[in-house]
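FYI, in our numbering the residues of the sequence shown are 2 to 289. Even glycine gets a Cβ: it sits at the ideal position worked out from N, Cα and C.
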Amino acid sequence: MKKHNLTDGSTALNAYHQERSKAAFEEVKEMQKHPFTFEEAKSQTVRIYEGMARSGRKRKEMKISDYKILISVLPFMEQAFEIKRGNWEDLISEEYLEKIFNLNDIINPNVKQKKDHRILISRFELFHDQPIEILLIKILMWGYPTRGRGRNIENVLKEPNFSEIKILLTNLKDKGDITIGDIKEVLKIGGLGLSTLTKFLYFMRLTVESYRALILDQRVISAINSNIFCDKGIEKFKKLRYENAVDNYIEYLSFSHEIADQLHLKPDQVEMFLFEYGQNLKGMVPMN
């Protein structure tokens, strides 16, 4: 597999965008000659699209695979979120908080109030073997740094839910390769949704029907069902919603692994790309 360093990636990306956006650059040059009001700018946009329609040109279709170089340099293992101790003190015992907010990991150990102590939790450290209680709590912190909305996190951590989750996940870990039926069984626990459960499965390094588990949350769902990308096979997710995501989880894993294999990258990088960029890209005006 050919490796790209950041310099190579930057050069290639610049060349790619210069080629694909030639027409757009010409329009920008023209715009710079004449200062526009907001209404004039809107009219210019309409004119561009009408001209494209008359000439038979379409807006650029985007594929996840178009962004291979970007995806290849995504530091997914270093993806980290800042966690404030005070946000969790009413949910987690002092014993666990002391282990998680270790003085060696505090961002600013000179802060006097414990509730103001902050740490960074990365994907890398969540893959380390550690007691399951600590692992699950740290995964929740990483996934929901400010505890998210509603009371789902509270419901997951309260008893007997938390103990039941630990037992079921431990059994699944011992089983090895699990099924969608296993996932549906765990999802019966109050407060536990697919977004949270797939985080647990991912960091516990489980496989689901032979595919390595990946995170599937609302942002990833929105990225692959939004018609932004046109990669082969993505059309099957047009009706994907969070409510039916568990029934489409294997297809999502299959699709993500196929894209990763095609690009000679890791499925984790594809998932992170969808999470970070999946809804923040727009095809540029194609070249003449």
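- Between the C-alpha atoms of G191 and E210 there is a straight-line separation of about 25 Å.
- In the three-state reduction of the DSSP assignment, V209 falls in the strand class.
- Secondary structure of E83 (DSSP, three-state): strand.
- Here K64 is near C231, since their CB atoms are less than 7 Å apart.
- For R152, there is no enclosing beta strand (DSSP E), since its DSSP letter is neither H nor E.
- Contact between the region 119-133 and the region 76-89 is present, with at least three C-beta pairs closer than 8 Å.
- Linking L241 to N88 through their CA atoms gives a straight-line distance of about 33 Å.
- When only Cα atoms are considered, L198 and N111 end up about 36 Å apart.
- Straight-line spacing of the CA atoms in I138 and S196 works out to 15 Å.
- Between A214 and L275, the C-beta gap is not smaller than 7 Å, which leaves the two residues out of contact.
- Within the same chain, and ignoring the five residues on either side of L158 in sequence, the residues whose Cβ sits closer than 8 Å to its Cβ are L92, I93, I138, L141.
- In the three-state scheme derived from DSSP, where H, G and I count as helix and E and B as strand, R119 is classed as strand.
- One Cα belongs to W143, the other to N156, and the distance between them is close to 17 Å.
- Excluding five sequence positions before and after N162, the CB atoms of its chain that fall closer than 8 Å to its own CB belong to N156, I190, G191, G192, L193, given in chain order.
- Secondary structure at F230: strand, using DSSP grouped into helix, strand and coil.
- Counting along the chain, the unbroken alpha helix (DSSP H) around W143 starts and ends at 133-144.
- In this chain, P161 is not harboured by any alpha helix (DSSP H), its DSSP state being neither H nor E.
- In the pairwise beta carbon analysis, the region 243-251 is classified as not touching the region 260-277: fewer than three pairs are separated by under 8 Å.
- A residue is called buried once 16 or more other Cβ atoms fall within 10 Å of its Cβ, and H129, having fewer, is exposed.
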